[in-house]
Amino acid sequence: MKNVNCPFCGSKTIKEIKAIISPFNQKKYKLMNCFECELQFFTPLIFENVYESETIKEYANFHKGRIIFPPWTKETIRVLRNLSINLNDKKILEIGGGDGINYTALNEIYSIETKNYYVVELDSKSVEQCKARGLTNIINSAFGPKTVSKINGKFDVVLLLEVLEHQINPKEFIKLVFNLVAQNGIVVITVPNRERFFINYDEFQGDLPPHHFLRFNKTFFRKNFASSLYYLKDFSHQFKIKNFREAALKLTSIFKVNRKGWVLFVPFIPIIKLVMGIMAKIKGEGIIVILKKNDHFQK
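Oh and the sequence shown: position 201 is 200 in numbering that gives the first Met the number 0, straight run, nothing missing.
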């Protein structure tokens, strides 16, 4: 496509998938697909800080300090334990550490001293919650070359949990991350799975720009990180329905019937919940990736 290059591989072999109007700023964005590297991205790739304003309601919870561990955090711990990856006494960098919930979760399983746990976080309100959890090595800024210059040494583990999809320059971002990884160290990544079932019906607002700009599938990681790929799998967010009325109203929208008829859908919700839960296990909502630094580590 003319005048548009893939922000990861630079290719012009790109196709427009659709155009959307962002619910956050009412601006028009186009979702593009790169045939070379398999990345999908929204354009224009222009950063806007939507975090501290709590435009997205989840950030209000971050600013209060969450106590419930998110599904990607639980999955990360499960995978690390299954692979016998021990984080005890390791030097860890978390980029986009949010309110520090991942540190709290990891510290329940591993012996991690706060002096060995470093956080880079843009949202100053979330940084206050990191401090409340006892973290001290915190850089309150966006991750970039200037931030990297403030970081001393290499890390055994770099965590990018639900972070990569926010980036507007993924090529530079990943290069900077890799330069901070020690030999035989690992990078742990979780991202939403763009191939999850029902994405067209369940395209949650947080997955749109200027919050999320990038969309990934497993093929992207296989194709671009083959030499350092240590683990790759999609996982389920453990599908839950908390409010039957809201779920029934959503079904009226999906099936394009009058919202007043939502009651008719209520008896079917337990069956739908079961089916969607099974389908999520077949093709999960999230992807977890572990890259390991070796002599052939992707540069």
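No residue lacks a Cβ here, since even glycine has one placed at the ideal position from N, Cα and C.
For residue i, name the three-state secondary structure that DSSP assigns.
i              : result
serine 155     : With the sequence shown as reference, residue 155 is identified as aspartate, and serine is not the correct amino acid for it. Of the three classes helix, strand and coil, the one that applies to aspartate 155 here is strand, per DSSP.
leucine 92     : strand
isoleucine 66  : coil
leucine 344    : Beyond the ends of the chain as shown, which are 0 and 298, falls residue 344; an answer cannot be given.
lysine 298     : Residue placement at lysine 298 cannot be trusted, given a pLDDT of 44 that sits under 50; what the coordinates show is reported in the next sentence. In this structure, lysine 298 counts as coil in the three-state DSSP scheme.
leucine 105    : helix
isoleucine 124 : A small fix is needed here, since residue 124 is lysine in this sequence, not isoleucine. Residue state, collapsed to three classes: helix.
leucine 86     : coil
leucine 290    : strand
isoleucine 167 : coil
glycine 283    : coil
lysine 145     : helix
valine 78      : helix
isoleucine 19  : strand
valine 265     : helix
cysteine 8     : coil
isoleucine 100 : helix
isoleucine 173 : helix
isoleucine 270 : helix
glutamate 112  : coil
Does the Cβ of residue i have 16 or more other Cβ atoms within 10 Å, making it buried, or fewer, making it exposed?
i                 : result
lysine 298        : With a pLDDT of 44 at lysine 298, under the threshold of 50, the modelled position of this residue cannot be trusted; read the value that follows with caution. Classification of lysine 298: exposed, given that the 10 Å Cβ count is below 16.
lysine 259        : exposed
arginine 77       : exposed
phenylalanine 227 : Sequence check: residue 227 is serine here, not phenylalanine. It is buried - the Cβ of serine 227 has at least 16 other Cβ atoms within 10 Å.
arginine 193      : buried
valine 265        : exposed
proline 299       : Here the chain covers residues 0 to 298 and nothing more, so residue 299 does not appear.
aspartate 88      : exposed
phenylalanine 212 : buried
glycine 143       : exposed
proline 6         : buried
Looking at C-alpha atoms only, which residue of the options is the closest neighbour of residue i?
i                 : options                        : result
alanine 18        : Ser10, Gln25, Lys29            : Lys29
threonine 42      : Glu35, Lys27, Cys36            : Lys27
glutamate 35      : Asn2, Glu202, Ser10, Ser123    : Ser10
glycine 285       : Pro266, Pro191, Phe219, Phe212 : Pro191
valine 49         : Ile268, Thr251, His210, Leu231 : His210
asparagine 216    : Phe61, Ile84, Glu37, Ser21     : Glu37
glutamate 112     : Pro70, Tyr102, Phe203          : Tyr102
glycine 283       : Glu74, Phe61, Lys130           : Glu74
alanine 141       : Thr54, Ile108, Gly95           : Gly95
tyrosine 117      : Lys292, Arg132, Ile108, Lys124 : Arg132
glycine 97        : Phe68, Val186, Gln204          : Phe68
arginine 214      : Cys129, Ile167, Ile268         : Ile167
lysine 153        : Phe219, Asn115, Lys170         : Asn115
glutamate 127     : Glu107, Ser148, Ile100         : Ile100
phenylalanine 203 : Leu163, Asn32, Ile55, His62    : Ile55
lysine 90         : Gln182, Pro269, Asn223, Leu248 : Gln182
glutamate 120     : Val162, Phe46, Arg80, Phe7     : Val162
asparagine 178    : Leu158, Val262, Val147, Ile108 : Val147
tryptophan 71     : Ile287, Ile137, Asn139         : Ile287
cysteine 8        : Thr251, Phe23, Leu92, Phe40    : Phe40
cysteine 33       : Lys14, Ser123, His236          : Lys14
With which residues is residue i paired in a DSSP beta bridge?
i             : result
valine 162    : Answer is none; valine 162 lacks a bridge partner.
asparagine 32 : Lys14, Gln39
asparagine 2  : Its beta-bridge partners do not exist; DSSP assigns none.
valine 118    : Glu93, Ile137
lysine 56     : Lysine 56 is not bridged to any residue.
lysine 27     : Ile20
query = In chain order, which alpha helix (DSSP H) runs of at least 4 residues are fully inside the region 175-263?
reply = 217-223, 243-253
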